[in-house]
Structures are given as C-alpha cells and as structure tokens.
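Notes follow once the structure below has been shown.
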Amino acid sequence: MINGELKNKIDGIWNVFWSGGISNPLEVIEQITYLLFLRRLDDLHTLEENKSARLKRPMERRVFPEGNDPKGRPYEDLRWSHFKHFAPAEMFTVVDEHVFPFLRTLGGDDSTYAQHMESARFTIPTPSMLSKAVDLLDSVPMENRDTKGDLYEYMLGKIASAGQNGQFRTPRHIIQLMVELTAPQPTDIICDPACGTAGFLVAAGEYLREYHPNILHDERLKQHFHHGMFHGFDFDNVMLRIGSMNMLLHGVENPDIRYRDSLAQENSSDEEAYTLVLANPPFAGSLDYENTAKDLLQIVKTKKTELLFVALFMRLLKPGGRAAVIVPDGVLFGSSKAHKELRRMLVEEQKLDAIVSLPGGVFKPYAGVSTAILLFTKTNSGGTENVWFYDMQADGWSLDDKRSPLLDEEKLGPVPSTELTEEEHTKNNLPDVLARWQERNNSELKRARTEQSFCVPKADIAAQVYDLSLNRYKEVVHEEVKHRPPKEILASLAKLEAEIQQEMAELEGMLVLRQSSRIE
1 MINGELKNKI DGIWNVFWSG GISNPLEVIE QITYLLFLRR LDDLHTLEEN KSARLKRPME
61 RRVFPEGNDP KGRPYEDLRW SHFKHFAPAE MFTVVDEHVF PFLRTLGGDD STYAQHMESA
121 RFTIPTPSML SKAVDLLDSV PMENRDTKGD LYEYMLGKIA SAGQNGQFRT PRHIIQLMVE
181 LTAPQPTDII CDPACGTAGF LVAAGEYLRE YHPNILHDER LKQHFHHGMF HGFDFDNVML
241 RIGSMNMLLH GVENPDIRYR DSLAQENSSD EEAYTLVLAN PPFAGSLDYE NTAKDLLQIV
301 KTKKTELLFV ALFMRLLKPG GRAAVIVPDG VLFGSSKAHK ELRRMLVEEQ KLDAIVSLPG
361 GVFKPYAGVS TAILLFTKTN SGGTENVWFY DMQADGWSLD DKRSPLLDEE KLGPVPSTEL
421 TEEEHTKNNL PDVLARWQER NNSELKRART EQSFCVPKAD IAAQVYDLSL NRYKEVVHEE
481 VKHRPPKEIL ASLAKLEAEI QQEMAELEGM LVLRQSSRIE
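Under this note's numbering, the sequence shown has 34 at position 34, and the numbering climbs by one with no breaks.
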C-alpha cells in the first residue's frame, strides 16, 4: 500500500492538471501515462548503457538512436533524464515538437506499449504546467514494482471517484474476489475481452506473484508470464493505453492488449484459445447486429450484449477452462427464448459452478443495477450436479453513493490480514464467500436454503426452467404468530360491544338529567 506522502505527491500532480484546465479524469491519466512511459523508456535505455559499460560491448538495443531526429534535435535531448533539466519553455518545445513525434514512430517495436503510442496526443497546454508535472513525477520513486502498481491503481481510483467515467472500473475488491475464486495457475492463458484499464489482468498477475513466487524463476514459465499469459481487448484507445501502462507498471513486459470489438465477426478466430476468462462486460450498449459474429448468434440469437458476451466466454474457453464474470440479474431470470436457452446450455452442456449475488450498490455512484458473479467451467459435455448460491449482503463499503469503507483497511477485501468477528462479517462478506466456496462440494451441500449460502441440485434448476435467480431457491423463515381461537375472539367482541352499549346508556341518562335541570 502507498503511504500518505506518495498519495500527496500524486494528488499534487492531479491538481496541477485540474487547475490548468484539464478536467476530464481520463485525459489526466492519459497525459500522466505518456510522461510515465517517457520515464520508463529512459530507464530502459540507461539499463542498456550500464550493461554495455559493464560488459565492455556495444549497446545491443538502443531505445533512443544516435545522432539527431528529423528536425535536427539530438535524440539524447528526448530522454527524460535530459529534458527534465531544461527551462520550461524549452522543455515544452522538446516534448511537443520532438518527443511525441518520436513516440509515434515507435510502432515498429513489437510491444503493445509502442503500438498504443502511435496515436499519442500531447494536450498539456502550457510550459509551466508541463514543468510542474515533470518535477512532481520525477520525485515519485518508481524503482519498486509494487509501488509503481499501487500508484497507478490509486490514480485509476480517481476515475471512479470522478463519477462520469467510473463505469470503466470494476471495484478492486470485487476483482480480487473473482481472481481468488478462480485461482489462476502459472500455465493459464487469461483473457478479458472487455478489459478497460486491465484491472482483472493486473489482479491475476499479482495473485500469481504471491501464490506462485517461483513463476519468474523458471525460464519457460517466466517467458509465458511476460509474453503469452495475458490478453485484453477493448475498442477504446484511451482505455487501451491506460490498461497497457497499468500492466507495465505491474511488471508485465509484453501483454497482449489490443484494439478489438470482441463481438464482431472478424474477431471470431480465437475459439478455444484461453483457459481462464475474467470480465465485467458492458451490460447494455449499441450493437452492430449485422457485424456481430455469426457463431455467437448461432449460440444465442439476440441483440442483448450481456447475453452475447456470455456466449462469447463459452466460445473463447478451451475445454476445462473456467470463467468468473459479472452479469446483470436479468441474465439469470430473463424469460425470453434467448435467456432460457443460454442458461440451459450453461447447466446442461457446461458445468455451472456458482452464482454469487452482489449487493445492489456495488457499482454506485454511477450504476445501481443488480448484478451477480457467474462462475462456470467449459466441458462441452455437461457436469453440473449442484449449483452453489451465495447471497452477498455487504462488501465492506457502504452501499450508497459515497461508498465509504465500513471497516479498517486491514479488514477489507476477500483476504483480510486479520480474521473478522461475526459482527464484522455483517459488513464484509467477501472472506466468507471465499471460505465457503472452498467447501462447495462438502459441507455446503448440507446447508439449508434458509442460510446465506447453499447448493441446489441440477434437477431442481431444470424444473424451474433454468431460472438462476437466488430468490427462486432461497427459503425465507417466517416467525410463527399464534392467533386466538375464533370463538374466543367473537366472545371478546361481544363483551366489548355490551360494555360500549352500557356506557352509551349511562351517557344518555346523564344528558337527560342535565337538560331537565336546566328547564327547572
């Protein structure tokens, strides 16, 4: 976790952009991403220089060529370590007229980072603003991978807090839960076909570093980790640049982060290419029906993107591959033919593992839609015996627009550093979800449907026309209320009626006496 001093530095950088007129949080992160990339390029070049000096050999790979650029400026001036010392006006000229044109020529490099820089735009408006941003970024320690990753995550959190673009970012603790549930392995090939800022891929990489630390000591696994494991697709170039840089700062050298409309016909060639899919796809959006992949429409004939994405996940996975994806509740109980057929396929033709119902406010303040985590394994031959359901009531944060933490930081998330009490569990169900998931084929089978989690046999689901909504199977315990026998109630009413009649007669008698006394 980053400390308060580093947070203050990032807040200072952020404020420089906001006070300078760049108010779109995505544009702020995009410009910071470019500057971080320039610093990274200089670091790589310096490493090559040191290696060359140590081995007394010529440099094998120069990031910055020798000589001058097409406008006559020495390439050395384009390095972060050089231009950061220039006066603001000269620095602005170098970055605007020389560095960014140079960035756009890096597309010949095979790395996705270079490819995403082909359309790089420099939008910082003034020399003083650039100078302040460079000074502040230069003071941020970037040597440690964890620090770099945490800093970038902190900046991405500002997208969510800004509200307008928060839909691009799934809450980090929900991502971590989904990664823990699927337990990525060193040989996995992981895909997020709607990757946004690459949060799922980053979390999977961090999980592997923690639980499989030897992955980077085995040359074959290390090569796979850096060049073959991570695949993310999106059709927003800003998101691709941010996601690519997010992976870089978390220590992945060359992930496959590419521009792609995952539902389009021209991108239907990667059938059964991945062993793990982690995603939070668009729930509703515009769809070019004519250009939608025909094999997806054969699986489920619909214009609903959320259904097409679930069909896509089934197509992308290798047999034996698994998925943890977020879907709107409508996918679980929708009554259309497409809804029912898709659910039937998950239950009968694949192995549907679990439905984790999420609290309604998880995606606030920018969306209040009810959602669930859908977990399944691709088999193409069935295998569903029981489906595990969990009714998550709390995720550790308030479910209003503020989304304030309800517990101390060490007690948040799916793997808190200290065990939660029963009272704390009512505020953060995530550790319980993870613990009970491990027991889904054992003790969970015996739990009653009145509990927070329980299992439902496939036959019961088929009998409900494959309805997968938790409320269809959850039983509510009603407190028994004892009522008096009807005869006793009628006798009480008769007694009350007699008492009322008697009081009325007495009142009438008193009134008659008063009137007669007035006449006299």
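Note that beta-carbon positions come from the ideal geometry of N, C-alpha and C, so glycine has one too. Every value quoted in this text rests on a predicted model; they were computed, and no experiment measured them.
Taking 8 angstroms as the cut-off, the Cβ atoms of GLY413 and HIS250 do not count as close. Of TYR75, GLU97, PHE92 and SER139, the smallest CA-CA separation from LEU36 is found for SER139.
Judged by beta-carbon spacing, ASP408 lies beyond the 8 angstroms limit of ASN429, meaning their Cβ atoms are not closer than that value. Contact annotation: the segment 322 to 340 touches the segment 175 to 184, with at least three C-beta pairs closer than 8 angstroms. With respect to the 8 angstroms criterion, LEU296 and LEU312 are classified as neighbours on the basis of their beta carbons. Along the segment 460 to 496, the alpha helix (DSSP H) occurs as fully enclosed runs of 4 or more residues at 470 to 473, listed in sequence order.
ASP401 is not bridged by DSSP to any residue. With contacts defined by Cβ atoms closer than 8 angstroms, LEU352 and VAL387 form a contacting pair. With a cutoff of 8 angstroms on beta-carbon distance, LEU38 and TRP80 are scored as near each other. Using a Cβ-Cβ distance cut-off of 8 angstroms, the segment 193 to 200 and the segment 218 to 233 are in contact, since at least three pairs of beta carbons, one from each stretch, lie closer than that value. Between LEU490 and PHE389, the gap from beta carbon to beta carbon reaches 8 angstroms or more.
Relative to the Cα of LYS294, the nearest Cα in the group LYS222, LEU308, PHE283 and PRO282 belongs to LEU308. By the neighbour-count criterion, in which a residue is buried when 16 or more other Cβ atoms sit within 10 angstroms of its Cβ, SER131 is buried. Checking the DSSP bridge columns, you'll see VAL456 partnered with VAL387. When MET59, ASN50, MET129 and LYS340 are compared, the shortest CA-CA separation from GLY20 is found for MET129. Ranking ASP256, ILE10 and GLY382 by CA distance to the CA of PRO193 puts ASP256 first. Ranking SER381, GLY383, TRP437 and LEU406 by CA distance to the CA of ILE373 puts TRP437 first. In summary, ILE500 is exposed, with fewer than 16 beta-carbon neighbours lying within 10 Å of its beta-carbon over all protein chains present. Contact between the segment 116 to 126 and the segment 23 to 35 is present: three or more C-beta pairs spanning the two stretches fall below 8 angstroms.
Residue state for ASP353 is assigned as strand, using DSSP reduced to three classes.
Just measuring C-alpha positions, the residue of ASP329, MET91, LYS56 and SER244 sitting nearest ARG73 is MET91.
In this structure, LEU399 places its C-beta atom within 8 angstroms of the C-beta atom of LYS364. By the Cβ-count criterion, GLU497 is exposed, with fewer than 16 other Cβ atoms from all chains shown falling within 10 Å of its own Cβ.
Following the DSSP letters along the chain, one finds HIS339 inside the alpha helix (DSSP H) bounded by residues 337 to 344. By the neighbour-count criterion, in which 16 or more other beta carbons inside 10 Å mark a residue as buried, HIS85 falls on the exposed side. DSSP, read as helix, strand or coil, puts HIS217 in coil. Taking all protein chains in view, the Cβ of ASN15 is surrounded by fewer than 16 other Cβ atoms within 10 Å, so the residue is classified as exposed.
For the pair GLU48 and ARG61, the CB atoms are nearer than the 8 angstroms cut-off. VAL94 places its beta carbon 8 angstroms or farther from that of PHE102.
Excluding five sequence positions before and after ARG104, the CB atoms of its chain that fall closer than 8 angstroms to its own CB belong to MET117, GLU118, SER119 and ALA120, given in chain order. DSSP places ILE373 in the strand class (E or B) of the three-state scheme. Approximately 16 angstroms separates the beta-carbon atoms of MET392 and PRO416; this is outside 8 angstroms, ruling out the contact. Scanning its chain for C-beta atoms nearer than 6 angstroms, with the 5 sequence neighbours on each side dropped, one finds around PHE225 the residues ILE215, in chain order. ASP43: not part of any beta strand (DSSP E); member of the alpha helix (DSSP H) spanning 25 to 55, first to last residue.
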